[in-house]
Every structure is written in C-alpha cells, then in structure tokens.
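> Below is a structure I'd like to ask you about.
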Amino acid sequence: MNLLRAASTVSLLTLASRVTGLVRDQLIAGFFGASAATDAFNVAFRIPNLFRRLFAEGAFSQAFVPLLAATREREGDAATHLLIDSVATVLAWVLLATCVVGVAGAPILVWIMASGLERLDLAVLMTRWMFPYIGFMSMVALAAGILNTWKRFAVPAVTPVLLNLSVIAAAALLAPRLGGWGFEPVLALAGGVALGGVLQAAVQVPALRRLGLMPRIGLTPARLRAAWRHPGVHRILTLMGPALLGVSVAQISLVINTQIASHVGVGAVSWLTYADRLMEFPTALLGVALGVVLLPQLSAAKGRDDAQAYSDMLDWGLRLVVMLALPCAIALIVFPKALVAVLFHYGAFDARDVGQTVRALMGYGVGLLGLVAIKVLAPGFYARQDTRTPVLIAVLVLVCTQLMNALFVPLIGHAGLALSIGLGALLNAGLLLFGLLKKGVYTPRPGWGLFALRVAFACTALGAALAWALHAIDWIGLQSHYGQRAGWMALVLASVAAGYFVLLAATGLNLRQFARRG
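Heads up: the sequence shown is residues 1 to 518, going by full-length UniProt numbering.
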C-alpha cells in the first residue's frame, strides 16, 4: 500500500476533526471566555481523557495493535477473531468497573488534578457526568485498532468529528437555555461530551460488521473466565505493563502541570487548554496520522522479518516530519498572535486572554517538532513489542520537565509549563531516535544533510514572511471585522505555504519522488 496516500487520507479526515474542534473551542471561548467555569470544565474533561489515554489509544493500543497484526500475519483470521473476542470481553468488564469507581471517586480525582480551582464543586459534578465517556472511547480504540490493521483508516479518523459536533450543538442550543432554567450553562458542555462518546462508539459498528469483525463480548462470568484464559490477553497485559507505566508517566506530568496551573490564577488552565488545542492541530494532522498508518505496517514488517522495509518506513516518516512539522513550529512561534486572535478573540475572550494564550502557544511551538516526531519514533519500538525503552525515556523526561517547571514557572507563569513540555518533547524525541540508531533498527538513508539544508532555507523564508504579516496587519484591532480578519489569515497562510513548497522544489527537492517512496 502507498503509505503517503494512507497517511493523507487519515490526515484529511483528521483535518475535519480539528476544524470542527476549533469551531467547538471558538464557541466555548466566545460564550465562557477564560473563566472559573471554563477552568472547571477543562479540568473535568481532562480526567476522563487521562484515563482514556491509559485504556484507549495509549497503553492498550500500543500493546493490542502490534499483537493483532502479528497474529493475523502468522496465525490467520480464525485465531485473530478469537483474540478480538477475548480482548473485547475482558476490556468491557474492566471498563465497567473503572467507570463505577470513577463516578464515586470524582471528588478525590478532581482534588488530585487541580485543588486550586475556584469552582471545585462544579468540576466534580461535570467529572461525574463525563466519566462514562472513558468506557465508550476505550471500545472505540479497540475498534480502531482492528480497522487500522485491516487498512480501513477512514472511520477511526473521522470519528472524533462526532464528539465535536455534539459539544457544538450543546454549546449553541442547550447552554443558553440552561441559564434560564436556573442551571450552570457550562453543564451543557459536559452533556455534549457524554453524548459524543456514545455516538463515536456507535459509528464503529457498521464498519466492523462489514468486515465480519464485530467483537462478541461475553456478558456472563463464565465467558469472562474463558476470555481471561486466552494467551493473547495475558500477552497484551504483559505488554501493557511497561506501556501503562510509560503513558502514566506522561499523564503524571499532565496532572502536575494542571495542579500547578490551577494555583497560578483564574484563567491559567483555560489559556493552556486553548493553546494546546492549536498545538494539537499540526500534531494530529501530521504525527497522529503517521503513527496510525506506520504502527500496523511496521508490525507487519517485523512479522515478516523485513528489517530493510522497517528502517525505510521510519526514514520516510522522519523526513516527512521534518519537512512538514518544522514550518508549523515556526508559525506557532512567529505568528501566534494572529492565530489566537482570529480563532478565539470573540465575545468573552478579550485581548488579555489573547496575550496570555499566545505566551503558552509559543512555548508549545518550541517543542512541536519533537511532539510530532515522537509519533513516528515510538511506533519503531512498539512494533517490535519493546515497550520498556520508551518507558525509561519517559521517566527521565518527566523528571527533566518538572525540573524545568521549577525554573520557568516562577519566571514566566503558566507559559513556563508549556515551554517545559515543549523542551521535554524535544528531549524525548532525541532519546528515542538515539535508541533506534543504537539498536540498529533504523539506518538513515543517504541525503539527509542536503535535505535538511533545503528545508532550513525554505523555513527561514517562511518565518520572515510570517513576521512581516504579523506586524503589517492589526490582528487585535480587526476584532469586529470577523470576515476580513479571517480572510487575511487564510491568504497569509496559503501564500506562505505555497511559497514554502515552491522554494523546496526550486532547491531541488523532488516532492513527487518523495511521495512515491511513501
């Protein structure tokens, strides 16, 4: 299969998800701004997302997808179907217990996450409403792992759009009415998240049925015991141990940062959240798309013992990361004021909120190249069922990130949290790359030096053009001219993007050959 075409499909569908996600965040910013209520919602939403990264696309997917691909490659479809049924049964029972405990223990979870919140009670209530979202999203991750292994990338990639549309509908239609009924309007957002989880799980069913891969979940204790005895389940649990630790390390860092932000002051959690949303746009379009496509293909190459194909796929992915993520990082560092103003500077989100969000976004931009590269480098270990090395690296990065927090937060406040994460991501990516090189898993193809020079030259021109546009247009002053401001930004971004690729081609980079390699 053509990896670039598959990654482009995932990327385009992810673009739809991110665009609707930006509309969602624009509505939240316009209705609620960066307030105590939005701080409460953002903390409450982070709690199920934290567990989702443990049970869904985090540790579970890292263990499940390589084993699923290897089983299909070596043992055939019948054994693969039995593995799917057994894993789905055990996962469903674990999720049921997790959701019950989570709803009951919401006050403790919120206090651990952000004890400095002004509206701690509101965060607890919304956490309880949204906690079942974890269960639905974990089953979505199971379905996505199956569909991606069968090279059906479209449905898993477009699924997040349903969450965004659900929250958009809740913000636009339900939130204004809740205030009139005597309830907190922000509660509508929690209801939208809960509904979005149901919709995302439901849309997987037709796709799985078309492939004849709909999991059969055992609903009785006897079926659970039979599923538990399947050797594949124990293999996944063995692989999940280190992976769970690795993902937990990242989530511990998130918890610590959220806790610190809750004490910085009202609005800090929300400023970081809005900046994170913008940073996740290129991270998802590039890193997630590549990771989704590469992991099952790397696993299959490992199953065939094709070391050359394994290395070549990593090389291709890393070149694509450098070529596409580096200009995005420059845009976040040089052009953040325009991006934040055009997307969020409406209603309750004022000029001060713009400035504070810009500071955080620049910190994230420093580490964007690392954040995207990790999505390519980490599958290089997971596909070999090596989860131990990324864990050790993650623990080291956690320690370094918190040391940087101790240095930066007293100096630059909430922006120091973002900068620490960015620098930590660069360290993480560098150590992962060093590990792959040292193990001999990845051997760079010739031509990296000239390739890097071409990209650096084009990026320098791109950065200069964005710096000029930032000062040539009054992005804050045009607040009341929504269409004009958005039009200027679209024109600037489209022009510099076209110029960037023209310069790459002019310096001799054969983009068509690059695509064929994929």
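The beta-carbon is built from N, C-alpha and C at its ideal position, and this holds for glycine as well. This one's a predicted model, so the numbers in the text were calculated from it and none came from an experiment.
Determine, using beta carbons only, whether P176 and A37 come nearer to each other than 9 Å.
As a position in the sequence shown, residue 176 is number 176, starting the count at 1. As a position in the sequence shown, residue 37 is number 37, starting the count at 1. Contact flag unset, no.
> Determine whether the beta carbon atoms of T401 and S495 lie at a separation below 9 Å.
Taking the first residue of the sequence shown as position 1, residue 401 is located at position 401. Taking the first residue of the sequence shown as position 1, residue 495 is located at position 495. Not closer than 9 Å, so no.
> Can you name, in chain order, every residue of its own chain whose Cβ lies under 8 Å from the Cβ of P166, other than the five neighbours on each side?
Counting from one through the sequence shown, the residue named residue 166 turns up at place 166. Looking at the sequence itself, residue 166 is Ser, so the reference to Pro does not match. Hits under 8 Å: G192, V193, L195, G196 and L199.
> Can you give, in chain order, each stretch of the alpha helix (DSSP H) that sits fully within the stretch 202–245 and has at least 4 residues?
204–211 and 221–228
> At a threshold of 8 Å, does A275 count as lining the ligand FMN (C-beta to nearest heavy atom)?
With respect to small molecules bound, the structure shown includes none, and the ligand FMN cannot be examined in it.
> What residue range does the alpha helix (DSSP H) around A309 cover?
Stepping through the sequence shown from its first residue, residue 309 is reached at position 309. Note, A309: alpha helix (DSSP H), A307 to V334.
> Strictly under 9 Å for the Cβ-Cβ distance: is R359 near chain C by that measure?
Although the question refers to chain C, the structure presented lacks it and comprises just one protein chain.
> Please classify I134 as buried or exposed, where buried requires at least 16 other C-beta atoms within 10 Å of its C-beta.
Along the sequence shown, one-based indexing puts residue 134 at 134. In summary, I134 is buried, with 16 or more beta-carbon neighbours lying within 10 Å of its beta-carbon over all protein chains present.
> When burial is assigned at 16 or more other CB atoms within 10 Å of the CB, is I146 buried or exposed?
Locating residue 146 in the sequence shown gives position 146, where the first residue counts as 1. Counting Cβ neighbours within 10 Å, I146 comes out buried, since at least 16 surround it.
> Under DSSP, the alpha helix (DSSP H) around I112 begins and ends at which residues?
In the sequence shown, counting from the first residue as 1, residue 112 sits at position 112. Looking at the DSSP string, the run of the alpha helix (DSSP H) that includes I112 is A106 to A114.
> Using DSSP with H/G/I as helix, E/B as strand and the rest coil, what is Y364?
Here residue 364 corresponds to residue number 364 of the sequence shown, with the count starting at 1. Here Y364 sits in helix by DSSP.
> Roughly how many angstroms separate the alpha carbons of G487 and L403, rounded to a whole number?
One-based indexing of the sequence shown puts residue 487 at position 487. One-based indexing of the sequence shown puts residue 403 at position 403. Rounded to whole angstroms, G487 and L403 show a C-alpha spacing of 42 Å.
> What's the gap between the Cα of Y442 and the Cα of A472?
As a working note, residue 442 is residue 442 in the sequence shown. As a working note, residue 472 is residue 472 in the sequence shown. Cα to Cα, the separation comes out at about 45 Å.
> Provide the residue span of the alpha helix (DSSP H) that contains P66, from first to last.
Along the sequence shown, one-based indexing puts residue 66 at 66. Unbroken alpha helix (DSSP H) run through P66: A59 to E75.
> Would you report the Cα separation of L339 and I168, rounded to the nearest angstrom?
Position 339 of the sequence shown holds residue 339. Position 168 of the sequence shown holds residue 168. So the alpha carbons of these two residues sit roughly 21 Å apart.
> Give every residue of the same chain whose Cβ lies closer than 7 Å to the Cβ of N42, excluding the five residues on either side of it in the sequence, and list them in chain order.
Indexing the sequence shown from 1 puts residue 42 at position 42. For N42, where only same-chain residues beyond five positions count, the Cβ hits under 7 Å are V269, S270 and T273.
> Is the number of C-beta pairs between the stretch 92–104 and the stretch 112–121 that are closer than 8 Å three or more?
They do not touch, by the three-pair rule.
> Apply the 10 Å Cβ neighbour rule to residue 522 and answer buried if 16 or more other Cβ atoms are within range, or exposed otherwise.
The structure shown has nothing for residue 522, since the chain only spans 1 to 518.
> Closer than 8 Å is the cut-off here; do at least three beta carbon pairs connect the stretch 413–431 with the stretch 461–470?
no
> Please classify P160: does DSSP put it in a helix, a strand, or coil?
Numbered from its first residue, the sequence shown carries residue 160 at position 160. The three-state reading of DSSP puts P160 in helix, counting H, G and I together.
> In chain order, what residues of the same chain have a beta carbon less than 6 Å from the beta carbon of V492, not counting five sequence neighbours either side?
As a working mapping, residue 492 is identified with position 492 in the sequence shown. So the list reads A469, once near-sequence residues are dropped.
> For Q204, count neighbouring C-beta atoms within 10 Å of its own C-beta (all shown protein chains included) and say buried if the count is 16 or more, exposed if not.
For the purposes of this step, residue 204 is taken as residue 204 along the sequence shown, with counting starting at 1. Answer is buried; the Cβ neighbour count reaches 16.
> Where does R304 sit, in a helix, a strand or coil, going by DSSP?
Working through the sequence shown from its first residue, we reach residue 304 at position 304. DSSP places R304 in coil when its eight states are reduced to three.
> What residues in its chain sit with their C-beta under 6 Å from that of F51, if we drop five residues either side in the sequence?
Locating residue 51 in the sequence shown gives position 51, counting from the first residue. Excluding residues within five positions, the ones whose Cβ falls inside 6 Å are I134.
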